[in-house]
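Trainee:
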Amino acid sequence: MFKIKRICCIGAGYVGGPTCSVIAQMCPEITVTVVDVNESRIKAWNSDTLPIYEVNTPTKTYGMGKGRAADLKFIESCARQIVEVSDGYKIVTEKSTVPVRAAESIRRIFDANTKPSLNLQVLSNPEFLAEGTAVRDLKEPDRVLIGGDETPEGQRAIRALCAVYEHWVPKSRIITTNTWSSELSKLAANAFLAQRISSINSISALCEATGADVEEVAKAIGMDQRIGSKFLKASVGFGGSCFQKDVLNLVYLCEALNLPEVASYWQQVIDMNEYQRRRFACRIIDCLFNTVTGKKIALLGFSFKKDTGDTRESSSIYISKYLMDEGAKLFIYDPKVLKEQIIHDLSQPSISEDNPQRVSELVTVTRDPYEACQSAHALVICTEWDMFRVTITFTFCYVASSFGEHTRFHVVISDAATGAGLREDLQEDAEAGVHIRRPPRAGPPPRRAAEHRLPDRDHWKESDLCTNPVHPCDRRSSHRPHRAPHQEGQSLKLILPPPPPPPPPLHGAHSSCQLLISPAEVEGLNSSQHLSAGEIKRLAALGGRLKVAEDQIF
Numbered sequence: 005m006f007k008i009k010r011i012c013c014i015g016a017g018y019v020g021g022p023t024c025s026v027i028a029q030m031c032p033e034i035t036v037t038v039v040d041v042n043e044s045r046i047k048a049w050n051s052d053t054l055p056i057y058e059v060n061t062p063t064k065t066y067g068m069g070k071g072r073a074a075d076l077k078f079i080e081s082c083a084r085q086i087v088e089v090s091d092g093y094k095i096v097t098e099k100s101t102v103p104v105r106a107a108e109s110i111r112r113i114f115d116a117n118t119k120p121s122l123n124l125q126v127l128s129n130p131e132f133l134a135e136g137t138a139v140r141d142l143k144e145p146d147r148v149l150i151g152g153d154e155t156p157e158g159q160r161a162i163r164a165l166c167a168v169y170e171h172w173v174p175k176s177r178i179i180t181t182n183t184w185s186s187e188l189s190k191l192a193a194n195a196f197l198a199q200r201i202s203s204i205n206s207i208s209a210l211c212e213a214t215g216a217d218v219e220e221v222a223k224a225i226g227m228d229q230r231i232g233s234k235f236l237k238a239s240v241g242f243g244g245s246c247f248q249k250d251v252l253n254l255v256y257l258c259e260a261l262n263l264p265e266v267a268s269y270w271q272q273v274i275d276m277n278e279y280q281r282r283r284f285a286c287r288i289i290d291c292l293f294n295t296v297t298g299k300k301i302a303l304l305g306f307s308f309k310k311d312t313g314d315t316r317e318s319s320s321i322y323i324s325k326y327l328m329d330e331g332a333k334l335f336i337y338d339p340k341v342l343k344e345q346i347i348h349d350l351s352q353p354s355i356s357e358d359n360p361q362r363v364s365e366l367v368t369v370t371r372d373p374y375e376a377c378q379s380a381h382a383l384v385i386c387t388e389w390d391m392f393r394v395t396i397t398f399t400f401c402y403v404a405s406s407f408g409e410h411t412r413f414h415v416v417i418s419d420a421a422t423g424a425g426l427r428e429d430l431q432e433d434a435e436a437g438v439h440i441r442r443p444p445r446a447g448p449p450p451r452r453a454a455e456h457r458l459p460d461r462d463h464w465k466e467s468d469l470c471t472n473p474v475h476p477c478d479r480r481s482s483h484r485p486h487r488a489p490h491q492e493g494q495s496l497k498l499i500l501p502p503p504p505p506p507p508p509p510l511h512g513a514h515s516s517c518q519l520l521i522s523p524a525e526v527e528g529l530n531s532s533q534h535l536s537a538g539e540i541k542r543l544a545a546l547g548g549r550l551k552v553a554e555d556q557i558f
């Protein structure tokens, strides 16, 4: 069997660098070389400062398929260079996400420029990596997919590449297909993941309108083994370099193959994602009395997800655009994204509306989270960095306890919260005055509000309501009538619990505060003035139940 002794990877980005690093570690007998047209990127890989940004297979910005079709000019150029410098038997493997039948285009270039001594085989080996966990995904993959020709030469090439992966991947996880199935599988996988995110986001809008809890709904349907629980977390929308690009490429492919109904179906995934972003920005504006002009908004997190500095198609970019359109002054902080990258993203013509001066007037990028939050009218968390979640939990629990046991401190967690962990941590501190509730929604009230517990049966008041039908909304209310135990010789009556006592007064004349946190929204403390970082730390010190680390956000 043909054995691979040398590997040359063209492209030193998020895929090429980690993939070849793992192959070199797991296969010491194979010489691995990575090349790139960007000299500075190669120097960065050979230094202690690794590159964090790459240009992926781009989308066409002109001509037929503009904005949707993949631009294969770089792949075509690469194929021509391979023919020019190669000799003997070579296996050429597609690793980047490419449209279906891209391998056929590469093979046609090879056939048109072939040399007598050259034998090239084309395989498809798509990557299934997630940024932030790329090395782990490479070492412990769910599957390895290899596609090639069904000819003897093609099968020989497939077996040779399988032998490389078998150094650390069980054979049962290595799937072999024809080339076209492999290429389409990658596009379909990303489309399905994007579809799940858009699906749960559409349900989140429905939950907010009806009083349902999207996390409870997601948990309920996720426990169905046919559905599963992954990618069922409501959010501001998906981002990154892959999902939108690949779904749009799939839409264009369907249109080119005269499948308009299929194209329309997948286009709705993109439309729902854009709707979720606009809807979220509108919620922020609505909470600030329908105007954010001149108001300071702290935006925490700019990358499209935590544990990466990648901002491509990040929802933060579009949230910033909508807020800038309304004249808001944005103070942006992200622990990993560089200031230059944030300004570059917001200065794109489609975001700044060909007015880069507007970005310099409305946007301030800071490396100090204290500065971003100081005197802000609203706090918007767009990326679920762990540092934000831990700080919110500890700091606000401190503030609640510092006001005494009779203080009602409201923490409102939206359906797009970063996770149930925050709510669970706050729930543990309920005895200290922390009162957790959902944000107000249109439609019927929830079945039972968390703050209203039914009194003991001995304190119930009897009220003969048999002749008065209960309104359907009342049946969902925490005040809905309850039937008393029926005893022989007694008429059947309904028991109506008394309304709960009013909450104890807050301290001071101005002692309710609203901070908008997205995806978690927070209410409590002082609406007439904004708490500075120093004030919050002072209040935290009065609470004394926990220790606040100096490097935490507040």
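The sequence shown maps to residues 5 to 558 in the numbering used here. Quick reminder that beta carbons are idealized off the backbone N, C-alpha and C, glycines included. These numbers come from a predicted model, not from an experiment.
1. Return the residue from the list K9, A106 and L133 that minimises the CA-CA distance to G17.
2. With DSSP run on the structure shown, which of helix, strand or coil describes C13?
3. In this structure, does DSSP put S25 in helix, strand or coil?
4. Whether or not the segment 182–194 and the segment 213–224 are in contact is what I'm after, with contact meaning three or more pairs of Cβ atoms, one per stretch, closer than 8 angstroms; do they touch?
5. At what residues does the beta strand (DSSP E) containing S562 begin and finish?
6. Under the three-state reduction of DSSP, which class applies to V266: helix, strand or coil?
7. Among E357, V89, E88 and I346, which residue has its Cα nearest to the Cα of D314?
8. For G151, which beta-bridge partners are listed by DSSP?
9. Give the DSSP-derived three-state secondary structure of E157 in the structure shown.
10. What does DSSP give as the partner residues of L366 in its beta bridges?
11. Sort D338, R393 and K300 by Cα distance to P366 and report the nearest one.
12. So A83 is in the alpha helix (DSSP H); what residue range does that whole segment cover?
13. Thinking just about the alpha-carbon of each residue, which of N117, A116, T180 and L122 is nearest to the one in G92?
14. Less than 7 angstroms between the C-beta atoms of V36 and I11, yes or no?
15. First and last residue of the beta strand (DSSP E) that includes V36?
16. Within the continuous beta strand (DSSP E) that includes F335, where are the two ends?
17. Do E388 and K340 have their C-beta atoms closer together than 7 angstroms?
18. Which residues share a DSSP beta bridge with L304?
19. Using C-beta distances below 7 angstroms, list every residue in its chain close to S202, excluding the 5 sequence neighbours before and after it, in chain order.
20. Give the DSSP-derived three-state secondary structure of Y93 in the structure shown.
21. Whole angstroms are fine: how far does the CA of V266 sit from the CA of Q159?
22. Per DSSP, E98 is paired with what?
23. What whole-angstrom Cβ distance do D349 and I321 have, given they're in contact under 8 angstroms?
24. Just to confirm the assignment, what range does the alpha helix (DSSP H) spanning N253 have?
25. Going straight from the alpha carbon of E98 to that of N262, what length do you get?
26. Given a cut-off of 7 angstroms, decide if L149 and L191 are closer than it, judged by their beta-carbon atoms.
27. Anyone know if the C-beta pair for L124 and V96 falls short of 7 angstroms?
28. Just the C-alpha distance for P130 and V240, rounded to the nearest angstrom, thanks.
29. Apart from the five residues on each side of it in sequence, which residues of its chain come closer than 8 angstroms, Cβ to Cβ, to R84?
30. Buried or exposed for P373, please, with buried defined as at least 16 other CB atoms from any protein chain shown within 10 angstroms of its CB.
31. What separation, rounded to the nearest whole angstrom, lies between the Cα atoms of F196 and P120?
32. In whole angstroms, what is the alpha-carbon distance linking S268 and K77?
33. How many Å lie between G232 and G331 at the Cα?
34. Under the rule that 16 or more other beta-carbon atoms within 10 Å means buried, what is P22, buried or exposed?
35. Tell me the DSSP secondary structure of P353 in three-state form.
36. Just checking my contact of L327 with I288 at CB under 8 angstroms: how many whole Å lie between their CB atoms?
Mentor: Looking at the coordinates:
1. L133
2. strand
3. helix
4. no
5. With the chain covering only 5 through 558, there is no way to say anything about residue 562.
6. helix
7. I346
8. S128 and T181
9. helix
10. Note: L366 sits in no beta bridge, so no partner.
11. Correcting the residue type first, residue 366 is Leu in the shown sequence and not Pro. Ranking D338, R393 and K300 by Cα distance to L366 puts K300 first.
12. K77 to V89
13. L122
14. yes
15. T35 to V39
16. K333 to Y337
17. no
18. Y337 and I385
19. V273, M276 and N277
20. strand
21. 33 angstroms
22. S128
23. 5 angstroms
24. F247 to A260
25. 27 angstroms
26. no
27. yes
28. 28 angstroms
29. I113 and N117
30. buried
31. 44 angstroms
32. 27 angstroms
33. 42 angstroms
34. buried
35. helix
36. 7 angstroms
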